[in-house]
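Engineer: Below: one structure in structure tokens.
This is the structure we're talking about:
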């Protein structure tokens, strides 16, 4: 079988909207990815685009932060949540 041309294997993907990695705290129901653990009212904090904490919500401890309430479920540590 003849070898395919090299151009067929060159990546043409690139960032369509390059941006700085996120530093944010998101509040909502959290599926942690550890067994079947679910935190019904928790938050996920990202710094530089990386998860630094996943814990239960504590208003007193986090009142100084700018927290984004999602009203939804957060999938911590999921690279691709599109699963069939």
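Numbering (our numbering), first residue to last: 125 to 208.
Beta carbons are placed, not taken as given, at the ideal position from N, Cα and C, and that holds for glycine.
Keep in mind the model is a prediction, meaning the values are calculated, not measured.
1) Check the C-beta distance from residue 153 over to residue 192 and give it rounded, since I have them as a contact under 8 Å.
2) Of the choices 162, 127, 143, 156, whose alpha-carbon is the least far from that of residue 176?
3) Enumerate in chain order the residues of its own chain whose CB-to-CB distance from residue 194 is below 8 Å, with the five nearest sequence positions on each side excluded.
4) Pull up the distance between the alpha-carbon of residue 185 and that of residue 159, whole angstroms please.
5) Hey, quick one: how far does the beta strand (DSSP E) through residue 113 stretch, first residue to last?
Structural biologist: In short:
1) Contact between residue 153 and residue 192 is absent: CB atoms are separated by about 14 Å, not below the 8 Å threshold.
2) By alpha-carbon distance to residue 176, the top candidate from 162, 127, 143, 156 is 156.
3) Result list for residue 194: 150, 151, 152, in chain order.
4) Linking residue 185 to residue 159 through their CA atoms gives a straight-line distance of about 27 Å.
5) This structure cannot settle anything about residue 113, because the visible part of the chain is limited to 125 through 208.
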